[in-house]
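J.: Quick mapping for you: the protein sequence lines, in order, are chains A, B, C and D.
Going by our numbering, the first residue of the first sequence is number 290, and it counts up by one from there.
Going by our numbering, the first residue of the second sequence is number -1, and it counts up by one from there.
Going by our numbering, the first residue of the third sequence is number 2, and it counts up by one from there.
Going by our numbering, the first residue of the fourth sequence is number 279, and it counts up by one from there.
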Amino acid sequence: MTSVSSASPGLGGLRDVKNRLFGPLPDVAEEAGYEPDHPKRVGFFTDTSVCIGCKACEVACKEWNTLPMDDSHGLKDALGDISGMSYDNTGQLGANSWRHVAFIEQSRAVDLPMPTFGRPGDDRHDSGPSPATAGDDVSLANAQQSSVLNAEALSEFDPQTGQTGADKQIRWLMSSDVCKHCTHAGCLDVCPTGALFRTEFGTVVVQGDICNGCGYCVAACPYGVIDQRKDDGRVFKCTMCYDRLTDGLQPACASACPTQSIQFGDLDELQERADARLATLKAQGVETARLYGRDENDGVGGDGAFFLLLDEPEVYGLPPDPVVTTRDLPAMWKAAGKAAVMMIGVAVTAVLGSRRR
Amino acid sequence: MLGVKTWLDSWPVYRQLTGSDPLGRGKAARSKGTESVVSRTATADRVVKSVCPYCAVGCGQKVYVQDEKITQIEGDPDSPISRGRLCPKGSASKQLVTSPTRVTTVKYRRPFGTDWEDLDLDTAMEMIADRVLEARRKGWQQVDGGKRVNRTMGIASLGGATLDNEENYLMKKLYSAMGAVQIENQARI
Amino acid sequence: MTGGITSPGAGWRQADGGPATQRTGKKRRRGGGRGRGEVAMVDDVEFTSYYGRQIVKTPVWKSPDVPLYLFLGGAAGSSSILAAIADLTDRPKLTRVSRYTAGVGAILSVVALVHDLGRPERFLHMLRVLKPTSPLSVGTYILSPFSAAAGATAAVELLGWFPRLKRFGGVVSAIFGGPLATYTGVLLANTAVPSWHAAYKQLPYVFGASGMAAGGGISMIFVPVDEAGPARKMAVAGAAIELAVVHKVENDHGIVSEPFHEGRPGKLMQAAKTCTAAGAGLTVVAGRTRLGAIASGTLLAAGSLLTRFGVFEAGIASTKDPKYVVIPQRERLAAGTNEHASTITR
Amino acid sequence: MPGLGASFGRGGATNFLEDLANSDCIVIEGSNMAECHPVGFQWVGEAKARGAKIIHIDPRFTRTSAIADLHVPLRIGTDIAFLGGLINYVLSNDLYFKEYVTAYTNAAALVGEEYVDSEDLDGLFSGFDAENRQYDEATWQYEPEEPPDSGSDSPGEAAEQKRTDQNPDVKSADRAQAAGSGGPPIASKPKRDETLQDPRTVFQILKRHYARYTPEMVAEVCGIEPAVFEQVAKWVTENSNRDRTTAWVYSVGWTQHSVGAQYIRTCSILQTLLGNIGRPGGGILALRGHASIQGSTDIPTLFNLLPGYLPMPHARQHGTLEDYVADAAGKAGFWGNKRAYMVSLLKAWWGEHATAENDFAFDYLPKINGDHSSYRTIADMIEGKVSGYFLVGENPTVGHPNGRMNRFGLANLDWLVVRDLQMIESATFWKESPEIETGELAPETIATEVFFMPAATHVEKEGTFTQTQRVLQWRHKAVEPPNDARSDLWFFFHLGRILRERLKDSTDPRDRPLLDLTWDYPVEGETADPSAAAVLREINGFGPDGTLLNSYMQMKDDGSTSGGCWIYCGVYADGVNQSARRKPGKEQGPVASEWGWAWPLNRRMLYNRASADPDGKPWSERKKYVYWDEEAGEWTGADVPDFEKNKRPDYVPPEGAKAQDALAGNDPFVMQGDGKAWLFAPAGVVDGPLPTHYEPVESVVENPLYKQQANPTVERIPGPWNRENPSMSEVFPFQVTTYRLTEHHTAGGMSRTLPYLSELQPEFFVEVSPELAELRGLTHGDFATLVSARTAIEAKVLVTERVRPIRLRGGQVVHQIGMPYHWSYSGISTGDSANDLLGIALDPNTHIQEDKVSTADIVPGRRPRGPALIDFVEEYRRRAGVDSGRVGTNGRDPVGADAGEGSTIS
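1. By Cβ distance below 7 Å, which residues in the same chain neighbour Leu244 of chain C in space, the five residues on each side in sequence not counted?
2. Between the beta-carbon of Ala1158 of chain D and the beta-carbon of Ala1067 of chain D, is there less than 8 Å?
3. Is DSSP giving Leu750 of chain D helix, strand or coil here?
4. Of all Cβ atoms in chain A, is any one closer than 8 Å to the Cβ of Gln747 of chain D?
5. Start and end of the beta strand (DSSP E) containing Asp698 of chain D?
6. Strictly under 8 Å for the Cβ-Cβ distance: is Pro146 of chain C near chain B by that measure?
7. Flag Pro547 of chain A as yes if its beta-carbon sits less than 8 Å from any beta-carbon of chain D, otherwise no.
8. In chain order, what residues of the segment 488 to 507 of chain A put their CB closer than 7 Å to some CB of chain B?
9. Would you say Leu21 of chain B lies against chain A (beta-carbon separation less than 8 Å)?
10. Using alpha carbons as the reference points, say which of A:Lys307, A:Lys329, A:Glu324 and A:Lys623 lies closest to Gly537 of chain A.
11. Please say whether Gly841 of chain D and Gly819 of chain D have beta carbons closer to each other than 8 Å?
12. Which same chain residues, not among the five before or five after Arg753 of chain D, have their C-beta less than 8 Å away from its C-beta?
13. Nearest to Asn886 of chain D by CA position, among D:Lys902, D:Glu872 and D:Trp875, is which residue?
14. Does the contact criterion of 3 or more C-beta pairs under 8 Å hold for the segment 1130 to 1144 of chain D versus the segment 542 to 550 of chain D?
15. Let me check one thing: in DSSP terms, what residues is Glu115 of chain B bridge-paired to?
16. From Gly531 of chain D to Val1160 of chain D, what distance separates their C-alpha atoms?
17. Checking contacts by CB at 8 Å: is Thr1020 of chain D closer than that to chain A?
18. For His1023 of chain D, which residues of its own chain have a beta-carbon under 6 Å away from its beta-carbon, when the five flanking residues on both sides are left out?
19. Check the Cβ-Cβ distances between Gln666 of chain A and every residue of chain C, and say whether any is below 8 Å.
20. Rank D:Trp873, D:Cys843 and D:Glu296 by C-alpha distance to the C-alpha of Ala618 of chain D and give the top, closest one.
21. When DSSP builds the beta bridges, which residues end up paired with Tyr420 of chain D?
22. Return the bridge partner residues of Leu1064 of chain D from the DSSP annotation.
23. So is the beta-carbon of Phe169 of chain C under 7 Å away from any non-hydrogen atom of the ligand SAM?
24. From Lys234 of chain C to Val286 of chain C, what does the alpha carbon distance come to, in whole angstroms?
25. Check whether the segment 480 to 492 of chain A and the segment 362 to 374 of chain D touch, using three or more Cβ-Cβ pairs below 8 Å as the test.
26. Please decide whether Asp7 of chain B counts as near chain C, where near means a Cβ-Cβ distance under 8 Å.
27. My assumption, with CB atoms under 8 Å, is that Lys87 of chain B sits in contact with Leu1035 of chain D. Please give the rounded CB distance.
28. Assuming contact is defined by CB atoms lying nearer than 8 Å, are Cys53 of chain B and Cys314 of chain D in contact in what I supplied?
29. Using the Cβ count rule (16 or more neighbours within 10 Å means buried), how would you classify Gln496 of chain A?
30. Using only the alpha-carbon positions, how far apart do Val1173 of chain D and Arg1001 of chain D sit?
31. When DSSP labels each residue in this structure, what does Ser233 of chain C get in the three-state scheme?
32. Using beta carbons (cut-off 8 Å, strictly below), is Val2 of chain B in contact with chain C?
33. Give me whichever residues DSSP pairs with Thr515 of chain D in a beta bridge.
34. Take the Cβ of Leu159 of chain C as the centre, count every other Cβ of all protein chains shown within 10 Å, and call the residue buried at 16 or more, exposed below.
35. Please confirm whether Gly513 of chain A has its beta-carbon closer than 8 Å to some beta-carbon of chain C.
This is the structure we're talking about:
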């Protein structure tokens, strides 16, 4: 691998590096032409299990990068309207929001030791008494202890009869989304100007002095991250604070994050930390905890910014199995070539098959 | 020849063909702007240590100043209380200083007036001093309920709890000396 | 114990009034079948989205700029091929018309492309790099020589200068003509837009064939019928191939084929197919009459144009509903047919 | 907080934020810590990562609940019942920390025979004066060890003192808050029964008082089911012993109630029984809401306090300096030095003009004789009794309950000075307020002159904030303020300078205090900004030789020392600004004593003598903190001992000892007269020696425990602009609570004006349960109108299961509405003001309003506009049987205005 930069320059390099388009790629910066002594690949590990949804990341990001206030994507009518999506009034990542905190309110019926009685019109619980015996408060305690979700205490209780109804557990998931800085970044691959490039830190950044607003990257991102600023014409997204990195500082969001839900560091170290965290949560019985974007065998070769989630990715607005579009590009070129040949064939046949005059 | 070479070197396609980045993804695609990227924390004239003005956790802040303007406010990692972290309000505190809607000149509304008028700061101070003396006189009580109180009930004050200790101290000292007792603070709320 | 949390259910509404939960396929047991602790199953393709919000971004490409660009590229590309072969086989009228079509198409393509940029003045930045991973970059290196050659050829055709150079220019443009017509299929397919990407093996053929139908059709309109035989044949063949491949696009890709049938894109596709089929049929029946040639040529060109709009808008529509992103990916994960890995979550 | 002050001797948070990491269980109650103190919350996260249990007790499921192990959604306003239930659980299951309770609390003290508990009087304690709605505390006293008042030098005087203490005027002047640093004075040390068996011991009284607070009763009052209650009880008690500690965290979710101080008292009792006070990972952490709210009570701009919690002299009690210090003379504890602190303050203010001959200018101080608190003053304004008002960084027409009443107050001033950064609503009330819309106010009728004086931001001036754990942190100045913007220090210094110049030839004795004032601070720069460091040095105080004092122990009562705030003495120890110390946290231990400076004397954890057992040994290795080093003969450990460094644990005070010398070596609560934590408060809390559950002033539920529905001593300010919703009224059938969001700050002047914060929460909204939405036909995302006897407001509706109804006995369902209070009509993010809906009813201890719970109605759609709004609300009042709320010009009472009232001063 290391022979690429030192030895054969030029297109010869193409032969030396495996998985240029797809699959695990141990050293993204080197693939992008940096000398072997380039800095280690950095990234974000966003542990949503400790996120308190404060949105410090959103604000710190906007302050540092002096992003405009309103969402030029037009998803918000105007300031002055709440979105109604819990406490999320940002909506999604965009040209002016490089961090976006998602809020998901969930509830489920819980079976309580006592026979149920429902409220009129309440169809949330569908079963009768649970097998647990009356007075068995251990099951409740266990439920509470074993989950990161709050075993919601029980207001649906009648002290006179001592009866308890089936009640809801609710949980409130919060997650700070960001550009994934993919190992195989669709946006970067399709950029026709080289405005999007891989930095020496392994991150993916738009060069504002180059971008001509062709918009190809917008369509190519499997996560829906990058977007065009309408009044400017160019595209914008998280830079992982490339400028701060050059000064030895952390990205603004990670340095602000009060609970270390957003952790910044060398990617390999973050991956170890995340694996350990996942193991801890699993040991505590949090079965739905999973890492997202951690696997280098996934469709984008693993993410530079990856997550610990507590539910399916799509619940957070994330694609469950994103694939970099350029994985299929060789096949597409092949088809295009064949189609072009087909055209010449058809044309030649058409001409030769026609009587002259 | 040298000119051509320089020109060629600045053309990413040439760099792609001759360098280590054949696909033009990284090194070859770097622009002039990228090569000259610099963090504004690095170019600041000075960094001043401060404390966040919002809640009472008292997070440490680093205030970056360039050309006598605040260019960045962020958490101070040295603080054992906040360890460099800030909430959204703390993170927005630069806007508190640089807000375009901030009012930085004296405004005056005369009795029964329907709009603001501009007023010179020194004039305003003199006018306020006049009114303080008058209100103090008007509301003076030497005795109340048969007991000596030597105070004025004509002047009241309500302070926010973002006042510095030194400010609160001078306020309490001055008000007490002028005899004003209806001195209150957000701390009551 | 935290498994399978139900989505916000009864009593829960969201700002846009849409359903917070996408339910397709099997109907979920009332009350939340997943609310009992078992891990969510993916075999039934129901899922919970984030307030019904789309996941991938809708392309910012403008209409009609981009569909027009796709159409013009196809028509110009096929015309340039037709022109070169007609020239070599000495069919001056067909050659001239095809060269004009190619030239005008080439110039308008460039205009459409530049107009679509957020920063048009930076068009030349396209020539900064040459990226085989970027269809638009490759396309730029196709379009640039093509439009130069085709434009120049059409110009000298018009002015009647440099006949030798003219032929050379015609050959050069013909070489780039095919790729120009078919690369646009890659341009759309090489995105995260579900309905485009899924059809990545077909779109180059659709656009190439459709380009031939259009190029042939346009020539039929302007070339006297006795010299337009090659144009008719190319147009009919192109139309036939287009119809066949579009059928695959519209039906082979499960849920992401859906947008080709629904709403405005569905209507456009239907109209495109109708025009193309009618144009081809009419060509066969009445292509040798002047009136018939004009009518059928117009229908073919219109069919080709409508195909571009239809495909374009179907793709746009597929970005706006998260189900087109989530369901195919869920199915892929569940089936384990994924080439890369069994799962992305661990 | 008097709740803490009366229990432990100081009103400050007992522990510090970082110390939460040492907790084994953290109960957050009456606080939404993750949302309102996100950065402080990292220490909760730290504890959780180390395995601590996190419990959030709150009516709403908030971002704090979201990562707690257990959320307990109790009914709003029932915390005393819940905590009382825990006390009962601890006592009846013998789970209290026996050695701790016996040694360090007043559990063994005997209470006098006349005392009658509220359990026996259906919700009232003995000594209730129904006419004045106040208690005489005489019957709550300890049974003295010796004959009463023998500790005082002058028994007759002390008896007189005690009588005046109970005068209604004195009571209403908020003596309780003076317990900010120093417990309430007591007559003498009590008689004790160390076996705790005597029925008159505090311990037995406590047991009886809470006997009825069973899990079932908790379920009935709070709507919390017994299994959950027991889960909380189990986690808390299992984590409170020699090896483990539990911390309690509260904020204004407790203080802003008509029984707010008693909420905190209940928690104090519980934490004391569990032995969690003065120990690492334990304590009660009061989270303050503003950058220097702790500082604003330490150096108070409060009517009833002088710096350092010295009470403001009262006309009835404090004719002379001797009278003033009489209650402390000869008493045990550090209050015994009150005279030294007061004389030093007077010397700091009047310098050479304060001499022994003139009682150190004590007479220069104005005297109070009643409630002069903020809300009372607003009522006085409406009645035309106040001429001028300074608003210094405060926006009361939005941030205080009953904005309408506040605006009427401002409209009846002669002049108003507003010092702020932005054009806040309190400065524009005369042209933009809701009452302009209704026609109740009009610019043409408002005579108030308004001066808007632009202020400097925190980076444009230097000075100290005192944060939530009593740490003073110095801010350096980064840039100059723009244009006319000036610091408040500048404003008041120069105002004082101008006033003194104006009066310099005056011979009027009333001007002497101003003219004799020490007011010669050095100024800096073009704008002549006074030096904050010079002010801080004055606060610290100087010794006889002019050097800065190191400790308040050096203060003398003979006028040889000065010091503006005795508890801050030491902030300039060794002549160094200790508050500006910034030794990086990573280079220090976990206590980080070299970062800033904490009062008192840089002690980070209060009462930390209690982290060791009576013999001075750590209770356990795991919870080792401060302990007695026999070899060195001193207390040592991680923190500065909150105890006399060399006082042996076995020290027994000799006969006749005074002040600190009268406290034993095992009396950790050094500010208390008896050195003990108070389970029972014989003094210092005006509404009862033991906390008792009362319903909020506006409640939809009948008090299930007592006939006495609400706090009998609650303070009201009646008037047409402050009508009260009747309890259990069908017209106002829902409970409302107000709160903050992470994205905004208080009345919004510092957040609604900032783009990045405004867009995160762009609009006023209320949170309702799906059940209430269905009941009232409310639509998610649409407008709803909320109505109270004060006014009606509109807000967008957020329907969420995080808010839930509570079903009580008899099937009564209590619906709760959540209402963030940040909004008003100015700024980028706007909406109606939640506080306009609320009335003003006050905790009698603190004069803090009950705005965490009130009642209202909610209906779909937008509120009526213009005069129709008045009629709309008037109709509600009529239906609820409330007096009319119609007002005359500028909010004057129509009758009063006609009679020419409102000009009682002239």
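Yeah, the Cβ is synthetic: ideal placement off N, Cα and C, and Gly gets one too.
T.: So, from the data block:
1. Walking along the third sequence from the start, residue 244 of chain C turns up at place 243. If we look at Leu244 of chain C and ignore the five residues flanking it on each side, its Cβ neighbours are Lys274, Thr277 and Ala278.
2. For this step, residue 1158 of chain D is matched to residue 880 along the fourth sequence. For this step, residue 1067 of chain D is matched to residue 789 along the fourth sequence. Yes, they are a contact pair.
3. If you number the fourth sequence from 1, residue 750 of chain D lands on position 472. In the structure shown, Leu750 of chain D sits in a strand (DSSP, three-state: E or B).
4. Numbered from its first residue, the fourth sequence carries residue 747 of chain D at position 469. For Gln747 of chain D, the answer is no, since every Cβ of chain A falls outside 8 Å of its Cβ.
5. Taking the first residue of the fourth sequence as position 1, residue 698 of chain D is located at position 420. Looking at the DSSP string, the run of the beta strand (DSSP E) that includes Asp698 of chain D is Trp693 to Asp698.
6. In the third sequence, residue 146 of chain C corresponds to position 145, counting from 1. Not one chain B Cβ lies under 8 Å of Pro146 of chain C.
7. Translated into positions along the first sequence, residue 547 of chain A becomes position 258. Interface residue, yes.
8. Gln496, Gly497, Asp498 and Ile499
9. For the purposes of this step, residue 21 of chain B is taken as the residue at position 23 of the second sequence. Yes - at least one Cβ of chain A is within 8 Å of the one on Leu21 of chain B.
10. Start at 1 with the first residue of the first sequence, and residue 537 of chain A comes out as number 248. Comparing Cα-Cα distances from Gly537 of chain A to each of A:Lys307, A:Lys329, A:Glu324 and A:Lys623, the minimum goes to A:Lys329.
11. For the purposes of this step, residue 819 of chain D is taken as residue 541 along the fourth sequence, with counting starting at 1. For the purposes of this step, residue 841 of chain D is taken as residue 563 along the fourth sequence, with counting starting at 1. Yes.
12. Numbered from 1 along the fourth sequence, position 475 holds the residue referred to as residue 753 of chain D. If we look at Arg753 of chain D and ignore the five residues flanking it on each side, its Cβ neighbours are His736, Val737, Lys739, Glu740, Gly741, Thr742 and Phe743.
13. The count along the fourth sequence starts at 1 and reaches residue 886 of chain D at position 608. Closest option to Asn886 of chain D, Cα to Cα, is D:Lys902.
14. no
15. Here residue 115 of chain B is taken as the residue at index 117 of the second sequence, counted from 1. Answer by DSSP bridge pairing, in chain order: B:Tyr106.
16. The residue you call residue 531 of chain D lines up with position 253 of the fourth sequence. The residue you call residue 1160 of chain D lines up with position 882 of the fourth sequence. Whole-angstrom Cα-Cα distance: 28 Å.
17. Position 742 of the fourth sequence holds residue 1020 of chain D. With 8 Å as the cut-off, Thr1020 of chain D counts as an interface residue toward chain A.
18. Here residue 1023 of chain D refers to the residue found at position 745 when the fourth sequence is read from its first residue. Cβ neighbours of His1023 of chain D beyond the five flanking positions: Ser1029.
19. Absent from the structure is residue 666 of chain A, since the part of chain A shown begins at 290 and ends at 646.
20. Stepping through the fourth sequence from its first residue, residue 618 of chain D is reached at position 340. Per the Cα distances, D:Cys843.
21. Against the fourth sequence, residue 420 of chain D aligns to sequence position 142. Paired residue(s): D:Val389.
22. Residue mapping note: residue 1064 of chain D aligns to position 786 of the fourth sequence, counting from 1. DSSP, once it has assigned bridges, lists D:Ile1071 and D:Ile1136 as partnering Leu1064 of chain D.
23. Because no ligand of any kind appears in the structure shown, any question about the ligand SAM cannot be addressed here.
24. Position 233 of the third sequence holds residue 234 of chain C. Position 285 of the third sequence holds residue 286 of chain C. Approximately 12 Å between the Cα atoms of the pair.
25. no
26. What you label residue 7 of chain B is simply residue 9 of the second sequence in a count that begins at 1. Chain C contact via Cβ: absent.
27. As a working note, residue 87 of chain B is residue 89 in the second sequence. As a working note, residue 1035 of chain D is residue 757 in the fourth sequence. About 6 Å; that satisfies the 8 Å criterion.
28. By one-based count along the second sequence, residue 53 of chain B stands at place 55. By one-based count along the fourth sequence, residue 314 of chain D stands at place 36. Cβ atoms of Cys53 of chain B and Cys314 of chain D: closer than 8 Å.
29. What you label residue 496 of chain A is simply residue 207 of the first sequence in a count that begins at 1. Buried, because 16 or more other Cβ atoms sit within 10 Å of the Cβ of Gln496 of chain A.
30. The sequence position of residue 1173 of chain D within the fourth sequence is 895, counting from 1. The sequence position of residue 1001 of chain D within the fourth sequence is 723, counting from 1. Its pLDDT being 49, under 50, Val1173 of chain D is placed unreliably in this model, and the value from its coordinates should be taken loosely. When rounded, the distance between both Cα atoms is 16 Å.
31. Looking up residue 233 of chain C in the third sequence gives position 232. Residue identity check: residue 233 of chain C is Arg in the sequence provided, not Ser. Correct three-state label for Arg233 of chain C: helix.
32. The sequence position of residue 2 of chain B within the second sequence is 4, counting from 1. Chain C contact via Cβ: absent.
33. Position 237 of the fourth sequence, counting from 1, holds the residue named residue 515 of chain D. In DSSP, Thr515 of chain D forms no bridge with anything.
34. By 1-based counting over the third sequence, the position of residue 159 of chain C is 158. Exposed, because fewer than 16 other Cβ atoms sit within 10 Å of the Cβ of Leu159 of chain C.
35. The residue labelled residue 513 of chain A in the question sits at position 224 within the first sequence. Yes, Gly513 of chain A lies at the interface with chain C (some Cβ there is under 8 Å from its Cβ).
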